[in-house]
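Novice: What follows is a single structure, and I will ask about it in a moment.
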Amino acid sequence: MTNYSDEQLSAFLDNELSPSEYQQCAEDIAANAELQRRVDALRAADEIARDYFKRVDEQADNGALIDLINSAPSMDLATSTMNKVVTLPTKKPLLTRITSLAVAASVLFAVGALWRTVSVTSPYAQEQVLLSELSSGEIRSYDDSRAELVQSWRTSNGEICRELMLHRAEGSNTIIGCWHNHGWEITTLDNDTADYQPASSNDVTFGAERLTPEEERRWLEQH
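Right, dumping it as C-alpha cells:
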C-alpha cells in the first residue's frame, strides 16, 4: 500500500487524481482503518469550514463579525497577538480575508503541521474532560483558554470522534478526539504553524456520519 501524504489525500478528496490513481487510492483507504480515519477527519473539518463561513456570512453586517474575526488565529507567524490588525472593507473582500484567517482556526489539515497522538495520561487532561462533557456548539472558558466543541461524528468503523477548538493568547489549535477502549485518543493540529489546503466536501465520506443532537446527548450520557 502507498504511504499517502496529506497532499495526495487532499487531491483524492478534491477529485484531482487520474482515474487509475483515484481507484487505487479508494481501494487502499477502504482497506486501511488509519487512512479512513484521516479521510474522515478531513471530511469533517471541511464541514466545519462551511459552517464557519455560513455564520460569518450571516453576521457580516453586525458587531458579532468582529468577534468571529478576533477568534481566528493569524496564519502569519510574524503577527503577534499584540499586533493583530484586520481591515474591514466591503462584505465580499472581507469574506476573502476571512478565508485566509479562519480556515486555520477551525478546519483544514496542514502540510507539514504537527500532528501527534497522545495517551490518556498526556497533558490534555482538561481537554479530555471537555470532550466528554460538552455538547456541540457549547463554549467553556478555563484557565487562560476558551474551548468550543464543534461537532461529533461516527467514523466508518463505528468510532465516535469529536472536534474541539482551543483558543489561547499564543494561538489556536484543533483537537480531534476519538473514543478508544474507554479513553480518548487525541490528535492535535497546531493551526498557526503551517500552510493550509482545503479538501472538498463533495466527495467520498467512507461512512462518516455526523451525530444528531439527540444521538450526541445519548452518547454523552452513556460515557
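In terms of this note's numbering, the sequence shown has 26 at position 35, counting the first letter as 1, and numbering is strictly consecutive.
No residue lacks a Cβ here, since even glycine has one placed at the ideal position from N, Cα and C.
Skipping 5 residues on each side, what residues in its chain have a beta carbon closer than 7 Å to that of arginine 131?
Specialist: These residues qualify, in order along the chain: Leu121, Leu125, Ala138.
Novice: How about alanine 199 and arginine 29: are their beta carbons less than 8 Å apart?
Specialist: For alanine 199 and arginine 29, no; Cβs fall outside 8 Å.
Novice: If you follow the alpha helix (DSSP H) that serine 1 is in, where does it begin and where does it stop?
Specialist: Note, serine 1: alpha helix (DSSP H), -3 to 4.
Novice: Sort out for me which residues DSSP pairs isoleucine 166 with in a bridge.
Specialist: Leu155, Thr179, per the DSSP bridge assignment.
Novice: Along the chain, where does the beta strand (DSSP E) that runs through tyrosine 133 open and close?
Specialist: Run containing tyrosine 133: 130 to 133, per the beta strand (DSSP E) assignment.
Novice: In angstroms, rounded to a whole number, what distance separates the CA positions of glutamate 7 and tyrosine 133?
Specialist: Looking at the two C-alpha atoms, the distance is approximately 42 Å.
Novice: Taking the Cβ atom as the reference point for each residue, do isoleucine 167 and glutamate 118 lie within a distance shorter than 8 Å?
Specialist: Cβ distance not < 8 Å, so isoleucine 167 and glutamate 118 don't count as in contact.
Novice: Compare the beta carbon distance of arginine 145 and leucine 202 with 8 Å and say whether it is the shorter of the two.
Specialist: Against a cut-off of 8 Å, the Cβ pair of leucine 202 and arginine 145 comes out as a contact.
Novice: Could you please give me the residues that DSSP links to tryptophan 144 through a beta bridge?
Specialist: Paired residue(s): Cys152, Arg201.
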